[in-house]
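One line per chain: the protein sequences are A and B, in this order.
Start counting the first sequence at 4; every next residue gets the next number (the numbering used here).
Start counting the second sequence at 2; every next residue gets the next number (the numbering used here).
These notes are about the structure you will find just below.
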Amino acid sequence: MKMFSVDSVSETDPPAKSQTLSDSPSDRDLASQPPSDHSDRPSLSSEPALGPGHSTRCVHGGEGRQNPAGSITTPIFTASTFTFESTAQLLDFVEGRQQREEYGRYGNPNERVVEAKLAQLEGAEEAVLYSSGMAAIVGLLMSKLSAGDEIVFFDQCYHRSREFCGKHLAKFGVVTRQVPTGDFAAMEAAITPRTKMLVSESPTNPHLSCIDLEQFVAIGKAHEVETLIDATLATPMNVRPIDYGVDYVWHSATKYLGGHNDLLAGVLCGRKELLEPVRSLRGCLGSINSPQNLYLLQRGLKTFALRMARHNENGLAVAKFLDSHPRVERVYYPGLPSHPSHQIAVDQMNGFGGLITFTVKDADWRETSRVVDAAQVARIAPSLGGAESLIEQPLVMSYFHYSPEERARFGIADNMIRFSCGIEDSEDLIADLDRALAAR
Amino acid sequence: MHGQEASESMDQARDPSPSKLSKPVTPADPSLASFRTRAVHVGQEVDASTGAVVPPIHFASTFRQPGAGVWGQYDYSRSGNPTRTALQTTLASLDDGVGSLAFSSGMAAIHAVTMLFRSGDHVVAGADLYGGAYRLLHQICDRAGLEVTLVDLTDLEAVRQAVRPSTRMIWGETIGNPRLTIPDWPTIADFARHKGLMTGVDNTFGTPALLRPLNWGVDIVMHSATKYLGGHSDCLGGTLAVSDQDLFDRLYFIQNATGAVLDPMSCFLISRGLKTLDLRIREQSSTALRLAQWLAEHPKVRSVLYPGLPDHPHHARARTLFSHSQPEGETAFGAMITFELNESLQRVASVCQSTRLFHLAVSLGAVESLIEQPATMSHASYDAAARARFGITDGLIRLSVGLESFDDLRDDLQRAFETADSSE
Chain A
4 MKMFSVDSVS ETDPPAKSQT LSDSPSDRDL ASQPPSDHSD RPSLSSEPAL GPGHSTRCVH
64 GGEGRQNPAG SITTPIFTAS TFTFESTAQL LDFVEGRQQR EEYGRYGNPN ERVVEAKLAQ
124 LEGAEEAVLY SSGMAAIVGL LMSKLSAGDE IVFFDQCYHR SREFCGKHLA KFGVVTRQVP
184 TGDFAAMEAA ITPRTKMLVS ESPTNPHLSC IDLEQFVAIG KAHEVETLID ATLATPMNVR
244 PIDYGVDYVW HSATKYLGGH NDLLAGVLCG RKELLEPVRS LRGCLGSINS PQNLYLLQRG
304 LKTFALRMAR HNENGLAVAK FLDSHPRVER VYYPGLPSHP SHQIAVDQMN GFGGLITFTV
364 KDADWRETSR VVDAAQVARI APSLGGAESL IEQPLVMSYF HYSPEERARF GIADNMIRFS
424 CGIEDSEDLI ADLDRALAAR
Chain B
2 MHGQEASESM DQARDPSPSK LSKPVTPADP SLASFRTRAV HVGQEVDAST GAVVPPIHFA
62 STFRQPGAGV WGQYDYSRSG NPTRTALQTT LASLDDGVGS LAFSSGMAAI HAVTMLFRSG
122 DHVVAGADLY GGAYRLLHQI CDRAGLEVTL VDLTDLEAVR QAVRPSTRMI WGETIGNPRL
182 TIPDWPTIAD FARHKGLMTG VDNTFGTPAL LRPLNWGVDI VMHSATKYLG GHSDCLGGTL
242 AVSDQDLFDR LYFIQNATGA VLDPMSCFLI SRGLKTLDLR IREQSSTALR LAQWLAEHPK
302 VRSVLYPGLP DHPHHARART LFSHSQPEGE TAFGAMITFE LNESLQRVAS VCQSTRLFHL
362 AVSLGAVESL IEQPATMSHA SYDAAARARF GITDGLIRLS VGLESFDDLR DDLQRAFETA
422 DSSE
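Listed below in structure tokens is the structure:
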């Protein structure tokens, strides 16, 4: 990979040498840096200086120590294509003697840096980025499944995941079997010789059920079926499914990873060998990110550990407040002992995240909507995981066009509210909800 | 705004009201009162036309007008731009000011302040001053006949004696650079008010999260937004905030007339950075305190200058000033540390070049930790005599503590000390 070659940059773009305060001190430290242009992907293992601290990895992980022109941040490579000096150099590339960039759809220096950072945070060999979370799951399943194959899903899940598998994959002859969340006996019973993948979220959306990952993986291994966890709500700060042997970890990076409600992205993490064909298909399908978007994601990841700690604190504080509020019927938050999968969450998570679902006592859907409307700090919007708190009523936001029977099957109650804690002060969020709950 | 042909009277007619561009949004909702919540929400209103939860970036250089001679809120981006207004509104709220102005760099912001004065006017400036401000005052403003006296602002008697009949302003830093001195700004501001002088402070090291000098009676607070406000080493910017509308209008006139405004992309990046400012500076301060304590015990270290250490010469004052702006929780003292090694200039340079986590670079305030030698880097524009006089010794090292973990940063410094030893 030539992307961080100091030599090639200094030939064409020598750093300014004026006598100014902001001068780079000298070329000494450029020269003393080991060249990073031979590694395929920058990684912590080639950077012994980096310690194991979460936040240290968020700031430095995956990044070249020395960037072109000595830039402290990764430059945004807007190039759609990458030039070769000569046919000889092109032959070096096509015959595999040199790894480097070729065309933007197959890879970009900004993409490689963010993928390396995410892989390190996740404890995975490899990460593959997509233009959205849905593009990531589509990319994975289109790569791994063929007509006649089957997948088994736990039924609490993002409604678009369900829609894609149930409606669109079905057109290609893929069979989707849904079983009750956390019912491993049902999952095992649904496995047939054609089953290729077991799929779950943990925690699930919007019920925040946590899946016992050891058991999940054990079933997959026993039946030689690959496993996929959507860990968007957990993030690698709270749980790293790879450590449990899960094959694929999937995130909507739009949420906590980007963290500022200002970009869309998705990512798959796992073993290099398993993701190679997935990456290859992405190069064909083209659901990639722009370099500008990747830079914003990288920038967001720098404060990820810090933000996530805050989301976790806010989540727990707000959940406890709601739990004690007379107008709240039920709170779904894995950090509360009342949650059915609290013990699993305690055993396998470092924190419980910023998403809380609750129901309003004796309220119909209109009365519930008045609580949503009365919030002044939280804004009404779908999505979650950003700096700004968001509030929504799943019935209206995501399930409005489903029948009451379907909603009952998915566990979407009329009086249900989903609250995504941002990074504001806990007291302000609690005061906001307290005021909102007074609305009739 | 306005092309060069625009007459003065047209300027008056076409200027959008500065107060309209900068008025802080006073939250109708009292729950927006806390700093961190305001940093996320104030000025960053949902876009009315689309509901976008993050305001769009307006790259427009000019704005279509409702009619000939009828001016909309924005006309030309030098005069006002919605993305800049969003940032300025957030900052005015965070600085507790009536308004804020965003400039293309911290130096552009300081320069705008100096343009309030005229030939023959005199400025008293702090001796523990950023090298770029020193250069501006001594090599640029002197050409316009502005006179400058540098004094130790922690010596109130010296400040009194430096004031002349022509003195117009006392300028300095809330936390000095690089010796991290803490002047008694409330007293200086009080003194200046009685003398009819203006006070201005560079609060870059303090940040509005830790220190809000307008509440001490200081007239102008300036930040290099390049540092903690942006916080990610990826944009330049400078800001001024004031608590007096008339002074704001004068500064806005200077900014609009001289044009060093901040571009929309940088405004967006700084607004984005402000959302995590409070989280970042508190975490970085907490790591800095632990590093300062570790350095103070280290046999190689002659002295450590960190306002949070009890043996800092102004620790008691620092405790009062910092806790004044942070009534709740642990008091944070900032994330800059200066320390001195018992070593030669060359050996100190060698330590600075041997870290593998700290980047060797000027600037500060970002998520990545930085290390530098003031004598050869940030303060190289001081001449040797001035360096000696103001305590910028060859053995000095300045650290900007980032978001990495304490253990990783400590190990990196220890390794750098050892590497410099073994290369002897």
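Don't be surprised by glycine CBs; every beta carbon is placed ideally from N, CA and C.
Predicted model only: the values in this text are computed from it and were never measured.
Got a sec: is the Cβ-Cβ distance from A:Ile359 to anything in chain B below 7 Å?
no
So who's on the other strand from B:His360, going by DSSP bridges?
B:Leu371
Whether or not the stretch 285-297 of chain A and the stretch 206-222 of chain A are in contact is what I'm after, with contact meaning three or more pairs of Cβ atoms, one per stretch, closer than 8 Å; do they touch?
no
So is B:His299 in contact with chain A if we call contact Cβ pairs under 7 Å?
no
Say whether chain B places a C-beta atom closer than 7 Å to the C-beta of A:Val62.
yes
Three-state secondary structure (DSSP) of A:Ala312:
helix
Check for me: the alpha helix (DSSP H) holding A:Cys272 runs from which residue to which?
Not the alpha helix (DSSP H): A:Cys272 falls in the beta strand (DSSP E), residues Gly269 to Gly273.
Excluding the 5 residues preceding and the 5 following A:Asp435 in the sequence, name in chain order all residues of the same chain whose CB lies nearer than 7 Å to its CB.
Excluding positions up to five away in sequence, the list reads Ala378, Gln379, Val380 and Ala381.
I need the DSSP call for A:Trp368, collapsed to helix, strand or coil.
Of the three classes helix, strand and coil, the one that applies to A:Trp368 here is helix, per DSSP.
Beta strand (DSSP E) runs contained entirely in the stretch 94-137 of chain A, provided each spans 3 or more residues:
129-133, all fully within the stretch 94-137 of chain A.
So what does B:Ile183 bridge to, in DSSP terms?
Answer is none; B:Ile183 lacks a bridge partner.
Does B:Arg348 get closer than 7 Å to chain A when you measure Cβ to Cβ?
no
Should the stretch 172-184 of chain A be called in touch with the stretch 151-164 of chain A, which here means at least 3 C-beta pairs below 8 Å?
They touch, by the three-pair rule.
For B:Gln422, the nearest candidate out of B:Val349, B:Ser370, B:Leu270 and B:Ala387 (CA to CA)
The sequence given here places Asp at residue 422 of chain B; Gln does not occur at that position. When only C-alpha atoms are compared, the closest one is B:Val349.
Under 8 Å by beta carbon: chain B residues contacting A:Thr76
Within chain B, the residues near A:Thr76 are His233, Ser234 and Asp235.
Nearest chain A C-beta to B:His1 closer than 7 Å, yes or no?
Coverage of chain B is limited to positions 2 through 425, which leaves residue 1 of chain B absent and any answer about it impossible.
With 9 Å as the limit, tell me which residues of the stretch 255-283 of chain A have their beta carbon closer than that to any beta carbon of chain B; keep them in chain order.
Gly262, His263, Asn264 and Asp265
Beta carbon of B:Asp255, beta carbon of B:Ala113: below 7 Å?
Rather than Asp, the amino acid found at residue 255 of chain B in this sequence is Ile. Yes. Within cutoff.
Between the alpha carbons of B:Ser382 and A:Leu309, how many angstroms are there, rounded?
36 Å
At the 7 Å Cβ level, is A:Glu191 part of the contact set with chain B, yes or no?
no
Fully enclosed by the stretch 156-232 of chain A, which beta strand (DSSP E) runs are 3 residues long or longer?
178-182 and 198-204
What residue range does the beta strand (DSSP E) around B:His123 cover?
Counting along the chain, the beta strand (DSSP E) containing B:His123 begins and ends at His123 to Gly127.
When DSSP builds the beta bridges, which residues end up paired with B:Ala242?
B:Ser101 and B:Val222
Rounded to whole angstroms, what is the Cα-Cα separation between B:Leu130 and B:Glu174?
7 Å
Can you list, in chain order, the residues of its chain with a C-beta nearer than 6 Å to that of A:Ser267? Leave out the 5 residues immediately preceding and following it.
Rather than Ser, the amino acid found at residue 267 of chain A in this sequence is Leu. Answer for A:Leu267: Ser135 and Thr257, listed in chain order.
Quick one: list the residues of chain B neighbouring A:Asp376, beta-carbon separation under 8 Å, in chain order.
Within 8 Å Cβ-Cβ: nothing; A:Asp376 doesn't reach chain B, min ~14 Å.
For the candidate residues B:Trp295, B:Val302 and B:Phe391, whose alpha-carbon lies nearest to that of B:Phe407?
Comparing Cα positions, the closest option is B:Trp295.
Going by DSSP, what residue range makes up the beta strand (DSSP E) through B:Ser401?
Leu397 to Ser401
At a CB-CB cut-off below 7 Å, which residues of chain B make contact with A:Gly56?
Glu405, Ser406, Asp408 and Asp409
Starting from the N-terminal side, write out each stretch of the alpha helix (DSSP H) that is 4 residues or longer and does not extend beyond the stretch 124-211 of chain B.
132-136, 157-163, 186-196 and 208-211
Against chain B, does A:Arg302 count as a neighbour if the rule is that its beta carbon must be under 7 Å from one of theirs?
Yes, A:Arg302 counts as interfacial toward chain B.
Take A:Ala34 and list the residues in its own chain whose beta-carbon comes closer than 7 Å to its own, dropping the five residues that flank it on each side.
The predicted position of A:Ala34 is uncertain, since its pLDDT is 32 and thus under 50; no value can be drawn from it.
Going by DSSP, what residue range makes up the alpha helix (DSSP H) through A:Met240?
That run of the alpha helix (DSSP H) goes Thr238 to Asn241.
Beta-carbon contacts of A:Phe157 that lie in its chain and below 6 Å, excluding the five residues immediately before and after
Thr184 and Ser203.
Given 8 Å, three or more beta-carbon pairs between the stretch 260-271 of chain B and the stretch 98-115 of chain B
yes
For the putative contact between A:Leu211 and A:Pro397, defined by C-beta atoms under 8 Å, what is the C-beta separation to the nearest angstrom?
In fact, because the Cβ distance is near 13 Å, the residues do not count as touching under 8 Å.
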